[in-house]
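So the sequence shown is numbered by numbering that gives the first Met the number 0: it starts at 0 and just counts up by one.
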Amino acid sequence: MWCVSEESRPRARDIRIQTGIFSPGKLNAITDVSGVMVGHCTVCHGEGKLVPGKGPARTGVTAILPHSGNVFREKVPAAALVFNGYGKSVGLHQMNETGTLETPVILSNTLNVGIVADALVEWCIAKNDDIGITTSTVNPVVGEVNDGYLNDIQGRHVRKEHVFAAIEGATSGPVREGSVGAGTGSTCLGWKGGIGTSSRVLPGSLGGYTVGVLVQSNFGGVLTVDGVPVGRELGRYAYRDHLEDSSPERIEDDGSVMVVVASDAPLDHRQLRRLAARASLGLARTGFYGSNGSGDFFLAFSTALRIPHEGEAMLNADVVANDSMSALFLAVVEATEEAVLNSMLKATTVVGRDGHVVEAIDIAELSALMREYKRFGR
Numbered sequence: 000m001w002c003v004s005e006e007s008r009p010r011a012r013d014i015r016i017q018t019g020i021f022s023p024g025k026l027n028a029i030t031d032v033s034g035v036m037v038g039h040c041t042v043c044h045g046e047g048k049l050v051p052g053k054g055p056a057r058t059g060v061t062a063i064l065p066h067s068g069n070v071f072r073e074k075v076p077a078a079a080l081v082f083n084g085y086g087k088s089v090g091l092h093q094m095n096e097t098g099t100l101e102t103p104v105i106l107s108n109t110l111n112v113g114i115v116a117d118a119l120v121e122w123c124i125a126k127n128d129d130i131g132i133t134t135s136t137v138n139p140v141v142g143e144v145n146d147g148y149l150n151d152i153q154g155r156h157v158r159k160e161h162v163f164a165a166i167e168g169a170t171s172g173p174v175r176e177g178s179v180g181a182g183t184g185s186t187c188l189g190w191k192g193g194i195g196t197s198s199r200v201l202p203g204s205l206g207g208y209t210v211g212v213l214v215q216s217n218f219g220g221v222l223t224v225d226g227v228p229v230g231r232e233l234g235r236y237a238y239r240d241h242l243e244d245s246s247p248e249r250i251e252d253d254g255s256v257m258v259v260v261a262s263d264a265p266l267d268h269r270q271l272r273r274l275a276a277r278a279s280l281g282l283a284r285t286g287f288y289g290s291n292g293s294g295d296f297f298l299a300f301s302t303a304l305r306i307p308h309e310g311e312a313m314l315n316a317d318v319v320a321n322d323s324m325s326a327l328f329l330a331v332v333e334a335t336e337e338a339v340l341n342s343m344l345k346a347t348t349v350v351g352r353d354g355h356v357v358e359a360i361d362i363a364e365l366s367a368l369m370r371e372y373k374r375f376g377r
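Here you go:
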């Protein structure tokens with residue numbers, strides 16, 4: 000019940016929860032986008048009373064690489080969108096200014112952002128020893144959520160070796176989900192959250208492109224699963240303590256979420272920003288509403304084009320026509336919704352500092368409710 004990932008817990012489709020109309024890719028993961036790689040490093044040690052700086056630690060790192068090459072030398076088109084800016088992400092301003100991503104995207108916790116960014120810079124310099132000397136500096140991209148309910152967040156237990164391990168261990172295969180990596184200490188919609196992923200493949204008549212999404216879910220609201228008001232029915236939702244006199248506890252309504260969108264569709268910065276914006280609609284389908292203290296940051300990149308660091312004076316690239324963007328938008332909405340559900344279904348119950356417990360959603364209870372609403376196997 001500390002941080003162990005239980006592979007026996009199902010994903011949404013394993014229990015016949017099928018959202019949307021488009022089909023997922025082979026892995027139903029962001030790694031269905033060719034070349035994309037994901038790695039984790041989980042930091043979990045100690046138990047009992049919080050001793051700031053010592054533990055218990057319930058945190059980690061997740062790395063998303065757009066390709067297996069040198070991302071600083073071969074950048075990819077990218078964009079970021081801030082839905083609600085209550086967060087401490089790094090690197091998004093330059094990403095939007097240049098329209099490119101030049102490092103892996105690293106996710107961790109709020110107070111570890113500085114250490115993680117420093118580690119990412121060090122890793123990039125080791126691969127490119129001319130950074131800041133005979134060529135430009137590097138723009139590290141780091142996202143975060145606050146996992147302080149379970150984790151000794153003051154301890155900043157993620158160190159550079161954990162960042163290196165997540166990057167170097169990244170693969171293009173199935174992605175571990177739930178209470179792992181940067182999702183180890185996450186809480187979502189009243190239950191345990193974490194890392195989740197999903198993908199959609201458009202039919203050939205709509206371009207045949209793949210869209211993949213990875214989320215770090217740590218937000219509040221009223222859980223909705225394929226239209227079923229699960230949070231309300233099971234009595235865990237924001238503001239319940241104000242609406243029901245018998246409510247035993249307050250369900251946190253604040254939190255944060257990081258969403259990373261990848262696609263093999265040829266898209267420029269402007270189009271990718273539009274793509275990133277649609278993540279908010281997928282989140283809303285799950286019960287997210289963007290509370291005051293929620294840091295909600297969405298990143299999108301395309302693998303269709305690599306932009307050389309020392310390039311030609313002119314770049315020529317074909318991009319998807321605006322009139323053909325709508326199916327991609329819907330794919331993002333669907334994949335984001337399912338990624339959140341996967342993050343919660345795969346997550347395990349975690350006991351953190353001071354005996355704080357965040358329970359994993361009960362699969363049998365959820366299944367019974369979905370059956371009652373006749374939402375299985377549609």
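The beta-carbon is built from N, C-alpha and C at its ideal position, and this holds for glycine as well.
In this text the structure is predicted, and so the values were computed from the model without any measurement.
{"query": "So with Cβ pairs under 8 Å, would you call H39 a contact of chain C?", "result": "Any reference to chain C falls outside this structure, which holds one protein chain only."}
{"query": "Buried or exposed: where does G299 fall if 16 or more other Cβ atoms within 10 Å of its Cβ makes it buried?", "result": "Per the sequence shown, residue 299 should be read as Ala rather than Gly. When all chains shown are included, A299 counts as buried."}
{"query": "In or out: K87 buried (at least 16 other Cβ within 10 Å) or exposed?", "result": "buried"}
{"query": "Quick check: the Cα distance between V258 and D129, rounded to an integer number of angstroms?", "result": "32 Å"}
{"query": "Would you be able to state if there are at least three C-beta pairs under 8 Å between the segment 131 to 148 and the segment 214 to 232?", "result": "yes"}
{"query": "Check this for me: beta carbons of G177 and G193, under 8 Å apart or not?", "result": "yes"}
{"query": "Thinking C-alpha only, which one of A56, V221, A11, E73 is nearest E311?", "result": "E73"}
{"query": "Under a three-way DSSP split, which group does S33 fall into?", "result": "coil"}
{"query": "If you measure between the beta carbons of S171 and V35, is that distance less than 8 Å?", "result": "yes"}
{"query": "Classify N321: buried if its beta carbon has 16 or more other beta carbons within 10 angstroms, exposed otherwise.", "result": "exposed"}
{"query": "Just confirm the distance between the C-beta atoms of I29 and S279, as a whole number of angstroms; I'd bet it's less than 8 Å.", "result": "That belief does not hold up - the Cβ atoms of I29 and S279 are roughly 18 Å apart, past 8 Å."}
{"query": "Output the distance between the C-alpha atoms of D378 and G189, rounded to the nearest integer angstrom.", "result": "Nothing about residue 378 can be read from this structure; the chain reaches only from 0 to 377."}
{"query": "Relative to the C-alpha of V210, which residue among K373, L329, A56, V37 is closest?", "result": "L329"}
{"query": "From which residue to which residue does the alpha helix (DSSP H) around I105 run?", "result": "First-last for I105: 104 to 108, but that is the beta strand (DSSP E), not the alpha helix (DSSP H)."}
{"query": "Exposed or buried, which one is R8 when buried takes at least 16 other CB atoms within 10 Å?", "result": "buried"}
{"query": "Taking T335 as part of the alpha helix (DSSP H), name the residues at either end of that continuous run.", "result": "325 to 345"}
{"query": "Give me the DSSP bridge partner(s) of V212.", "result": "S197, V260"}
{"query": "So, using beta-carbon positions, are V75 and I306 closer together than 8 Å?", "result": "yes"}
{"query": "Straight-line CA distance for D253 to E336?", "result": "19 Å"}
{"query": "Measuring CB atoms only, is the segment 55 to 75 touching the segment 151 to 171, in the sense that at least three cross pairs come out at less than 8 Å?", "result": "yes"}
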